[in-house]
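These protein sequence lines are chains A and B, in that order. The numbers in the working numbering rise by one with no breaks, and the one at position 7 of the first sequence is 833. The numbers in the working numbering rise by one with no breaks, and the one at position 284 of the second sequence is 1110. Note that beta-carbon positions come from the ideal geometry of N, C-alpha and C, so glycine has one too.
2 protein chains.
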Amino acid sequence: MFKLIKNEKTARRGEFVTPHGTFQTPCFMNVATAGAIKGGVSSFDLKDIKCQVMLCNTYHLHVRTGDKIIKELGGIHSLTKWDGPILTDSGGFQVFSLAKLRNIKEEGVYFSSHIDGRKIFMGPEESMQIQSNLGSTIAMAFDECIENPAPYDYVKNSIGRTTRWLERCKKEMDKLNSLPDTINKKQMLFGINQGSTYSDLRIQHMKDIAKLDLDGYAIGGLAVGETADEMYRIIEDIEPYMPKDKIRYLMGVGTPVNILESVKRGVDLFDCVMPSRNARHGHLFTKSGIININNQKYQKDLAPIDKECNCPVCKSFSRAYLRHLKKAEEMLYMRLAVMHNLYFYNNLMEEIRNALDNGEFETYYNNNIDILGKRI
Amino acid sequence: MFKLIKNEKTARRGEFVTPHGTFQTPCFMNVATAGAIKGGVSSFDLKDIKCQVMLCNTYHLHVRTGDKIIKELGGIHSLTKWDGPILTDSGGFQVFSLAKLRNIKEEGVYFSSHIDGRKIFMGPEESMQIQSNLGSTIAMAFDECIENPAPYDYVKNSIGRTTRWLERCKKEMDKLNSLPDTINKKQMLFGINQGSTYSDLRIQHMKDIAKLDLDGYAIGGLAVGETADEMYRIIEDIEPYMPKDKIRYLMGVGTPVNILESVKRGVDLFDCVMPSRNARHGHLFTKSGIININNQKYQKDLAPIDKECNCPVCKSFSRAYLRHLKKAEEMLYMRLAVMHNLYFYNNLMEEIRNALDNGEFETYYNNNIDILGKRI
Chain A
827 MFKLIKNEKT
837 ARRGEFVTPH
847 GTFQTPCFMN
857 VATAGAIKGG
867 VSSFDLKDIK
877 CQVMLCNTYH
887 LHVRTGDKII
897 KELGGIHSLT
907 KWDGPILTDS
917 GGFQVFSLAK
927 LRNIKEEGVY
937 FSSHIDGRKI
947 FMGPEESMQI
957 QSNLGSTIAM
967 AFDECIENPA
977 PYDYVKNSIG
987 RTTRWLERCK
997 KEMDKLNSLP
1007 DTINKKQMLF
1017 GINQGSTYSD
1027 LRIQHMKDIA
1037 KLDLDGYAIG
1047 GLAVGETADE
1057 MYRIIEDIEP
1067 YMPKDKIRYL
1077 MGVGTPVNIL
1087 ESVKRGVDLF
1097 DCVMPSRNAR
1107 HGHLFTKSGI
1117 ININNQKYQK
1127 DLAPIDKECN
1137 CPVCKSFSRA
1147 YLRHLKKAEE
1157 MLYMRLAVMH
1167 NLYFYNNLME
1177 EIRNALDNGE
1187 FETYYNNNID
1197 ILGKRI
Chain B
827 MFKLIKNEKT
837 ARRGEFVTPH
847 GTFQTPCFMN
857 VATAGAIKGG
867 VSSFDLKDIK
877 CQVMLCNTYH
887 LHVRTGDKII
897 KELGGIHSLT
907 KWDGPILTDS
917 GGFQVFSLAK
927 LRNIKEEGVY
937 FSSHIDGRKI
947 FMGPEESMQI
957 QSNLGSTIAM
967 AFDECIENPA
977 PYDYVKNSIG
987 RTTRWLERCK
997 KEMDKLNSLP
1007 DTINKKQMLF
1017 GINQGSTYSD
1027 LRIQHMKDIA
1037 KLDLDGYAIG
1047 GLAVGETADE
1057 MYRIIEDIEP
1067 YMPKDKIRYL
1077 MGVGTPVNIL
1087 ESVKRGVDLF
1097 DCVMPSRNAR
1107 HGHLFTKSGI
1117 ININNQKYQK
1127 DLAPIDKECN
1137 CPVCKSFSRA
1147 YLRHLKKAEE
1157 MLYMRLAVMH
1167 NLYFYNNLME
1177 EIRNALDNGE
1187 FETYYNNNID
1197 ILGKRI
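Next up, the structure:
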C-alpha cells in the first residue's frame, strides 16, 4: 500500500508497504536478472549498498532454472536469501526483445526460446502463474511493449489488447492468491500504461487501467527509441491521470538525469541496468560527473572513485586499483565497479528523499541536474 | 623468520614471522594472480575465509599494470589493501609456460610477451628488481622450471645454472634492500630446489642452495608431469637435506590429498590454483568428498554445499542456488564457489595445525586421507 508523505509541486515523497517490508520512495530497484546482481554481488552485499528493492526477470527465471522448481524451493526469496521486497517483471519485455519468431494473438504470445529454440506460449495467465510460482512481492501485468516510433493504428489496437490482458491478469492473480499452496498470498499487481508517444492514447489507456484499482501503476514503453524530451513530455501528459494514492513506476529508466527529471514530474519508482552496464564499460558515477576508469590519467590515481562517496569500494580501494583490475581483466573489477555504481544510484535516491523531506527538492534539482550527466 | 613449534614424526607445526605479520604453518597461500583472487574476491573477503598469505604472480603484474607503476603507487600491499604477508613468484614459471620463443642463456631468458609479443629479457637481477618494486613480503628466486620427464644431462646442467642464478638473486636482493627508496627493505628471499625426478640431482642441489642461508626453501618443478607417488618419493628423498630451521614450501601443490601427504613428509607451505579452477568447473570441496554442483540431484537441494562448513557461503546459500547461478551463468556463482573452496583449503590447514598441536596428526591423517579425494 502506498502512502504519500508529502509533495513538492509534482514531486512526491512516499512509502510503500509490502508483505516483505516497507520501502521509501522515490526508490531505485536493483536489477538481479536471474536472481543475482551482475558482478558477483549477492543479496547480502545489497544491504551494504542501500538497496531497498530487488528486481528479478521472470523470463530468465522461467527458462533457467524454471519457476516450478523455484516454487518447490520456497520461492525467489528463499533461493536468493534477499528478505526485502522483490518486484518481478511480466516476462513480456524479454519475449518481445529476445525471442525469435514471435506471434501475438488475443490469447497471448507464441515464441521460440532464445536458449534452445523450443516453442513457448505466454499470455496473461501464464505470466501471473510464473510470477506466483516465484513468489515475488510485486508482479507486473503482462503487456505488449512496443518500440518507438510505432504507427498510430497499431498502438491503438495494442493498448486495447493490453487492457484486456490486464483484466485477465487481475482475475488470474486473485485466483492464485486464494490457492492454499501459493507462496505469497498477498502478491501485489501493478498495471502498465502503454500508448507509445501518442498522448491521447496514453491518457485514454491510463484512464482505462486506473479503474481497475491496482496496487500500483507503471509507465511502460519508454526509453525504447524516443528522445528524453519526448519521454518527459509523455510523463507530464499522463501524470494528471495517474491515481494520486498509488505508487508510480517508470520502467527501465534510466540515467541519473532521467531519474531526477522524472521524480520532478511525479514518478516514485525506477529500475535500470545502467549501473552495471556502465560499470562494464568503465563508466563510474561520481558527485562531480561520470569518469571513464579506462583513462590513462587514473593509472597512478590513489584517490577513491569518488571522494564524496561512502560506499564500501570508495572506503577501501583506489582508482588506480580499479583501472589495474579492469586492464588485467580480473572479475573483481566488475564487482567493485557494480557495487559503486549501484550505491551511487541508491544514495542518489536517498538524497532526493532527504531533499523532499526538507522541502528542498527544487534546490537539489538545480544544484545537481547539470553535474549528474557530465562526463569528466 | 621460521620458528618450529613442534614435530609429529616428520610433520611440522611452526610459525613464520615476516615484516607484514606472523603466519601459522602448515599454511596454504591464496592465489591472487594480478593482485585479485579469481571470482571477484577482494582482500577484505580473504579475512573472512581464513586466508593468512596472499600469493601474487610477478609476471602478470609486470606486464599489466607494470611493477614500476605499482612501486609508484606504494607497492602491492597499498594497491590491493591486503595488509598481511604477500609472496610473489619469480615470474619464471610464467616465462617458461606462457611465453613464446623463449631462449635460455647463462644471463637469463629472452622471450616474447604473451600479450603483445614484444621482446622481454628476464634474468635473476630483473626478477629481483620487479619483486622489489612490487614490495612483496617474500620474493622467490629466479630458476628454470623443467617439465617432467626431462633428460638427466639437461637437468644436471640446468640446476647448476639455477644455483648460479640463486647466488645472483641473493646479491641483487641484498643490494635492493639497502637502497633508500625500496618499499620493503626487509624483503625475504626463498631459494628453489630443482632436479626433476632425479633424487641424486635433487639432493645435490638442495645441499648447494642450503649453504646460502636463505629465509626459506621451496621445492619447485613438481606437479609438472610426474605422478603423485613420484612427487612424494622426491619429497621424502630431499627432506633430510632441507634445513630444519627454515620454512619449506612445495610450489603449486595441490589437491587436499597432496597437501596432507606432503605435510606428513615435512612441508610447511603450499599454493595452488585448484580451489578456483575446480570452482569454475563446478567441483566443490566438502568434508565428505568433492561434489559436482552441475549434477541434476542438486537442483532442488536446499542444504548448504557442506553441512559441516562454517564459511560465509555455506552459512547463507543452498546447493540449489549455487547450481542455479552456474546454469544461469551468473558471475555470483564464481564468487560463492571460489570463496567456499578457498575456505575449505584454509580451514583444512587450520585443522591440520590443530591436530599437530594436539599430537593427533596421524589420527587426523588416517581419518581424512581417503575421504578428501573422494568424488561423491
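Residue i vs residue j beta-carbon contact at 8 Å
i        : j        : result
L887(A)  : I875(A)  : no
L1223(A) : C853(A)  : No answer is possible for residue 1223(A): the residues shown for chain A start at 827 and end at 1202.
D915(B)  : N883(B)  : yes
Y1058(B) : K1033(B) : no
G865(A)  : S1102(A) : yes
K1012(B) : N1019(B) : no
A1154(B) : R1106(A) : no
P950(A)  : G934(A)  : yes
R1179(A) : Q955(A)  : no
M1157(B) : M1160(A) : yes
P845(A)  : T963(A)  : yes
I863(A)  : V1079(A) : no
G1017(B) : I1035(B) : yes
G1042(B) : M1014(B) : yes
V1050(A) : C971(A)  : yes
G1092(B) : T836(B)  : yes
Q1149(B) : Y1169(B) : It is worth fixing the name first, because residue 1149(B) is Arg in this sequence and not Gln. Contact flag unset, no.
Range of the contiguous alpha helix (DSSP H) that encloses residue i
i        : result
S1142(B) : Per DSSP, S1142(B) belongs to no alpha helix (DSSP H) and is neither H nor E.
K873(B)  : 869–874
D1055(B) : 1054–1064
N1084(B) : 1082–1090
V935(A)  : No alpha helix (DSSP H) holds V935(A); the beta strand (DSSP E) holding it covers 934–938.
V889(B)  : 884–889
I985(B)  : 978–1003
F1170(A) : 1157–1183
N910(A)  : As written in the sequence, residue 910(A) is Gly, which differs from the Asn given in the question. Taken as a continuous stretch (DSSP letters only), G910(A) belongs to no alpha helix (DSSP H), as it is neither H nor E.
F968(A)  : Premise fails: F968(A) is in no alpha helix (DSSP H) and is neither H nor E.
C-alpha gap between residue i and residue j, whole angstroms
i        : j        : result
L927(B)  : S938(B)  : 6 Å
D1132(A) : K894(B)  : 25 Å
M1077(A) : A1044(A) : 7 Å
K997(A)  : R987(A)  : 15 Å
I1195(A) : T1081(A) : 11 Å
V1167(A) : T906(B)  : The displayed chain sequence assigns Asn, not Val, to residue 1167(A). Taking the straight line joining both Cα atoms gives about 20 Å.
V1099(A) : K1152(B) : 21 Å
M1175(A) : S1022(A) : 27 Å
F828(B)  : C1140(B) : 34 Å
A1054(A) : L1086(A) : 12 Å
K1001(B) : C995(B)  : 10 Å
M855(B)  : R944(A)  : 47 Å
L1182(A) : E1065(A) : 19 Å
S1088(B) : I1061(B) : 8 Å
Element boundaries [beta strand (DSSP E), containing residue i]
i        : result
E952(B)  : Taken as a continuous stretch (DSSP letters only), E952(B) belongs to no beta strand (DSSP E), being part of the alpha helix (DSSP H) at 950–960.
A837(B)  : 837–844
H1109(B) : 1109–1112
M1014(A) : 1014–1019
T1008(A) : Segment: none, T1008(A) is in no beta strand (DSSP E) and carries neither H nor E.
A834(B)  : Checking the sequence, you will find Glu at residue 834(B) rather than Ala. Taken as a continuous stretch (DSSP letters only), the beta strand (DSSP E) holding E834(B) covers 828–834.
A1044(B) : 1042–1045
A1094(A) : The sequence shown places Asp at residue 1094(A), not Ala. Looking at the DSSP string, D1094(A) is not in any beta strand (DSSP E), and its letter there is neither H nor E.
- request: Please name the residues in the segment 847–867 of chain A whose beta-carbon is closer than 8 Å to at least one beta-carbon of chain B, in chain order.
  value: Considering only beta carbons, the part of the segment 847–867 of chain A lying closer than 8 Å to chain B consists of T859, A860, G861, A862, I863, K864, G865, G866, V867, in chain order.
field: Contact residues within the segment 889–903 of chain B, judged by C-beta distance below 7 Å to chain A
entry: Taken in chain order, the members of the segment 889–903 of chain B whose beta-carbon sits within less than 7 Å of a beta-carbon on chain A are R890, T891, I895, E898, L899.
message: What are the residues in the segment 1140–1153 of chain A lying within 7 Å of chain B by C-beta distance?
response: For the segment 1140–1153 of chain A, the residues whose beta carbon sits under 7 Å from a beta carbon of chain B are, in order, S1142, F1143, A1146, Y1147, H1150, L1151, K1153.
- prompt: Between the segment 829–843 of chain B and the segment 1062–1077 of chain B, are three or more C-beta pairs nearer than 8 Å?
  reply: In short, these stretches touch, since the Cβ pair count reaches three.
Cβ contact check for the segment 1112–1132 of chain A and the segment 1144–1161 of chain A: 3 or more pairs under 8 Å: In short, these stretches touch, since the Cβ pair count reaches three.
message: Across the segment 967–979 of chain B and the segment 988–998 of chain B, are there enough close Cβ pairs to call them in contact, namely three or more that are closer than 8 Å?
response: As far as the Cβ criterion goes, the segment 967–979 of chain B touches the segment 988–998 of chain B, which means the pair count is three or higher.
query: Which residues, in order along the segment 1173–1199 of chain B, keep a beta-carbon less than 7 Å from a beta-carbon of chain A?
result: Under the 7 Å Cβ criterion, the segment 1173–1199 of chain B contributes no residue.
query: What residues in the segment 1000–1020 of chain B have a beta carbon less than 7 Å from any beta carbon of chain A?
result: With the criterion set as a beta carbon lying under 7 Å from some beta carbon of chain A, the segment 1000–1020 of chain B has no members that meet it.
- request: Output, in sequence order along the chain, the residues in the segment 869–881 of chain B whose CB is closer than 7 Å to any CB in chain A.
  value: So the list reads F870, given in the order they occur along the chain.
query: Relative to chain A, which residues along the segment 1124–1139 of chain B have a C-beta separation below 7 Å, given in chain order?
result: Contact annotation: in the segment 1124–1139 of chain B, residues whose CB is within less than 7 Å of a CB in chain A are Q1125, K1126, L1128.
query: Going along the segment 906–936 of chain A in order, which residues come within less than 9 Å of chain B, judged by CB to CB distance?
result: Flagged, chain order: T906, K907.
message: Output needed in chain order: residues of the segment 1099–1112 of chain B with a Cβ under 9 Å from some Cβ in chain A.
response: Listed in sequence order: no entries.
- request: Report the residues of the segment 1051–1075 of chain B with a CB closer than 8 Å to any CB of chain A, ordered along the chain.
  value: From the segment 1051–1075 of chain B, no residue has a Cβ closer than 8 Å to chain A.
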